[in-house]
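*Asks:*
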Amino acid sequence: MTTEHPTIQDIKSAFERDTIRLRLEDIQPLHLFTESARETPKYQQVRSSVREIGLVELPVVARDKDTPGKYLLVDGHMRIEILREIGATEVDCLVANDDEAFTYNKRVSRLATIQEHFMILKAIDSGVPEETIARTLNVNIAQIRLKKHLLKGICREAVDMLKDRFVPTNTFIELRKLAAVRQIEAAQLMIAMNKFSINYAKSLVGATPQSQLADTSQPKKLAGLSDAQIALMENESTKLDKEYRLVEESYGSDHLDLVVATGYLSRLLENARIVRYLAQSFPEILSEFQKMTNAARTPV
Numbered sequence: 006m007t008t009e010h011p012t013i014q015d016i017k018s019a020f021e022r023d024t025i026r027l028r029l030e031d032i033q034p035l036h037l038f039t040e041s042a043r044e045t046p047k048y049q050q051v052r053s054s055v056r057e058i059g060l061v062e063l064p065v066v067a068r069d070k071d072t073p074g075k076y077l078l079v080d081g082h083m084r085i086e087i088l089r090e091i092g093a094t095e096v097d098c099l100v101a102n103d104d105e106a107f108t109y110n111k112r113v114s115r116l117a118t119i120q121e122h123f124m125i126l127k128a129i130d131s132g133v134p135e136e137t138i139a140r141t142l143n144v145n146i147a148q149i150r151l152k153k154h155l156l157k158g159i160c161r162e163a164v165d166m167l168k169d170r171f172v173p174t175n176t177f178i179e180l181r182k183l184a185a186v187r188q189i190e191a192a193q194l195m196i197a198m199n200k201f202s203i204n205y206a207k208s209l210v211g212a213t214p215q216s217q218l219a220d221t222s223q224p225k226k227l228a229g230l231s232d233a234q235i236a237l238m239e240n241e242s243t244k245l246d247k248e249y250r251l252v253e254e255s256y257g258s259d260h261l262d263l264v265v266a267t268g269y270l271s272r273l274l275e276n277a278r279i280v281r282y283l284a285q286s287f288p289e290i291l292s293e294f295q296k297m298t299n300a301a302r303t304p305v
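Numbering (the numbering used here), first residue to last: 6 to 305.
Here is the structure:
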């Protein structure tokens, strides 16, 4: 039996080959743009960028099958609204062959913190002044300089682990206080917990022994905590790290055991005689077995 693979001719393009210049009045949004959305930092940032350098990403439209000459706005509602605000009348667009918007809303990757750092470095290396970048991103120049030096003191392994995550800038300031090995451990814990906040990073630093800090000569100072309380936090953190490692090491085999066990229980509960016997003699055990098999069937 042979498996046929699609050829280039079988693959349909999602867009028309050429962009098209449209009047804004011929573009129909798929949803209303609210007044509250205009007050968001994201709107202010995109507006500043459009005014400074123009559109970076073209809006995506689809031809309106019911009204020739009109187009449905698939992606780019904020950009179109900003163009209207600044007085533009036309815009270049990508023309999609499908009017579905799920891909753009849910499946397009946005710029992570570390990726933004590299973008800023590349712009500066290309000769773009820091002031221009600040105006484009609608932030003050101090933030640009902070992002420019974002990874100073962060080990390569931690950078690689966090490169696709949305990590607050100030979290990196806290990570910088840790030695390289502890930075890696902290990154692993943040990813496992899916928590990257500055407060969580501070708690990890606070629970780190003095010997694992980047500057071991500088004593830790945590507001409102005595030396004894800090020492207790360090001990608890060490225990938690060890427990996490044990769970991580045994997770695969434990999960396999659980799948096999619940599968076996499911087969047992398909037998009416067994269910009847358990219901009459051990109803509490039957109830627990049913909970286990129901939980295994429930999608996460």
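The beta carbon of each residue, even a glycine, is placed where N, CA and C say it ideally should be.
1) Mapping the DSSP letters down to three states, classify alanine 67 as helix, strand or coil.
2) What's the C-alpha gap between alanine 42 and glutamine 49?
3) On the CB-based measure, 16 or more other CB atoms within 10 Å of its CB, does arginine 84 come out buried or exposed?
4) What is the rounded straight-line gap between the Cα of arginine 170 and the Cα of alanine 266?
5) What does DSSP give as the partner residue(s) for leucine 218 in the beta ladder?
6) Is DSSP giving valine 79 helix, strand or coil here?
7) Can you grab the Cα-Cα spacing for the pair proline 304 / asparagine 199, in whole Å?
8) Would you give the residue range spanned by the beta strand (DSSP E) that valine 144 belongs to?
9) Applying the criterion that 16 or more other CB atoms from any shown protein chain within 10 Å of the CB defines a buried residue, is serine 54 buried or exposed?
10) Could you say which of Val65, Leu27 and Thr94 lies nearest to lysine 75 if we only look at CA atoms?
11) Among all the DSSP beta bridges, which residues are the ones paired with alanine 101?
12) Would you mind sorting glycine 81 into buried or exposed? The rule is 16 or more other CB atoms within 10 Å of its CB.
13) With DSSP as the reference, please indicate the residues paired to isoleucine 32 in a beta bridge.
14) Quick one, which of Leu274, Tyr282, Leu283 and Leu218 has its alpha-carbon nearest asparagine 299's?
15) Please name the residue in Leu209, Val79 and Glu57 whose C-alpha comes closest to that of asparagine 102.
16) Can you tell me the Cα-Cα spacing of isoleucine 203 and threonine 174, whole angstroms?
17) Consult DSSP for leucine 37 and reduce its assignment to one of helix, strand or coil.
18) Check the C-beta distance from lysine 168 over to alanine 128 and give it rounded, since I have them as a contact under 8 Å.
19) For the alpha helix (DSSP H) that arginine 123 lies in, which residues bound it at each end?
*Replies:* Here's the rundown:
1) Sequence index remark: in the sequence shown, residue 67 carries index 62 (1-based). It is a strand residue.
2) As a first step, residue 42 is located in the sequence shown; it is residue number 37 there, counting from the start. As a first step, residue 49 is located in the sequence shown; it is residue number 44 there, counting from the start. Roughly 10 Å separates the two Cα atoms.
3) As a first step, residue 84 must be located in the sequence shown, where it is residue number 79. Buried.
4) Against the sequence shown, residue 170 aligns to sequence position 165. Against the sequence shown, residue 266 aligns to sequence position 261. The straight-line gap from Cα to Cα measures roughly 36 Å.
5) By 1-based counting over the sequence shown, the position of residue 218 is 213. Its beta-bridge partners are Leu183.
6) What you label residue 79 is simply residue 74 of the sequence shown in a count that begins at 1. Strand at valine 79.
7) Here the question's residue 304 lines up with position 299 in the sequence shown. Here the question's residue 199 lines up with position 194 in the sequence shown. Bear in mind that the predicted position of proline 304 carries a pLDDT of just 48, short of 50, making it unreliable; the figure below should be weighed with that in mind. The straight-line gap from Cα to Cα measures roughly 20 Å.
8) The residue labelled residue 144 in the question sits at position 139 within the sequence shown. Premise fails: valine 144 is in no beta strand (DSSP E) and is neither H nor E.
9) For this step, residue 54 is matched to residue 49 along the sequence shown. Per the 10 Å Cβ criterion, buried.
10) Position 70 of the sequence shown holds residue 75. Closest option to lysine 75, Cα to Cα, is Leu27.
11) Numbered from its first residue, the sequence shown carries residue 101 at position 96. According to DSSP, which records beta bridges pairwise, alanine 101 is partnered with Phe20 and Ala67.
12) Looking up residue 81 in the sequence shown gives position 76. By the neighbour-count rule (16 or more Cβ atoms within 10 Å), glycine 81 is buried.
13) Numbered from its first residue, the sequence shown carries residue 32 at position 27. Isoleucine 32 is bridged to Tyr76.
14) Position 294 of the sequence shown, counted from the start, is the residue given in the question as residue 299. When only C-alpha atoms are compared, the closest one is Leu274.
15) In the sequence shown, residue 102 corresponds to position 97, counting from 1. Taking only the C-alpha atoms, the option nearest asparagine 102 is Val79.
16) As a position in the sequence shown, residue 203 is number 198, starting the count at 1. As a position in the sequence shown, residue 174 is number 169, starting the count at 1. Whole-angstrom Cα-Cα distance: 8 Å.
17) Against the sequence shown, residue 37 aligns to sequence position 32. Secondary structure of leucine 37 (DSSP, three-state): coil.
18) Here residue 168 refers to the residue found at position 163 when the sequence shown is read from its first residue. Here residue 128 refers to the residue found at position 123 when the sequence shown is read from its first residue. Their Cβ separation, rounded to whole angstroms, is 18 Å, which puts lysine 168 and alanine 128 out of contact at 8 Å.
19) Along the sequence shown, read from residue 1 onward, the residue named residue 123 stands at position 118. The residue you asked about is not arginine; residue 123 is phenylalanine in the sequence shown. 118 to 130 is the extent of the alpha helix (DSSP H) around phenylalanine 123.
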